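In the numbering used here, the protein residues as written are 39 to 90. Just so it is clear, CB atoms sit at the ideal spot from N, CA and C, and this is done for glycine as well. Note that the coordinates shown come from a computational prediction; the quantities given were computed from them, not determined experimentally. Since the structure comes first, as structure tokens, the remarks are kept for the end.
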């Protein structure tokens, strides 16, 4: 994975989350799909997903 600044990574993950949320399938779906998309990332990325 390339080097990311925290804000860049947070914004990217949040963008995915918002896109899935816009499908009107609920927060649980959006969180699950976002987590799936970023499942192979490291500890910092996992922390950001939890923060959402």
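Inter-residue spacing [alpha-carbon to alpha-carbon] between residue 54 and residue 46
As a position in the chain shown, residue 54 is number 16, starting the count at 1. As a position in the chain shown, residue 46 is number 8, starting the count at 1. Answer to the nearest angstrom: the Cα atoms are 13 angstroms apart.
Per-residue DSSP class, three states only, for residue 41
As a first step, residue 41 must be located in the chain shown, where it is residue number 3. Residue 41: coil per DSSP, three-state reduction.
Which residue from 59, 74 and 75 puts its Cα closest to that of residue 68?
For the purposes of this step, residue 68 is identified with residue 30 of the chain shown, where counting begins at 1. When each option's Cα is compared against that of residue 68, the closest is 59.
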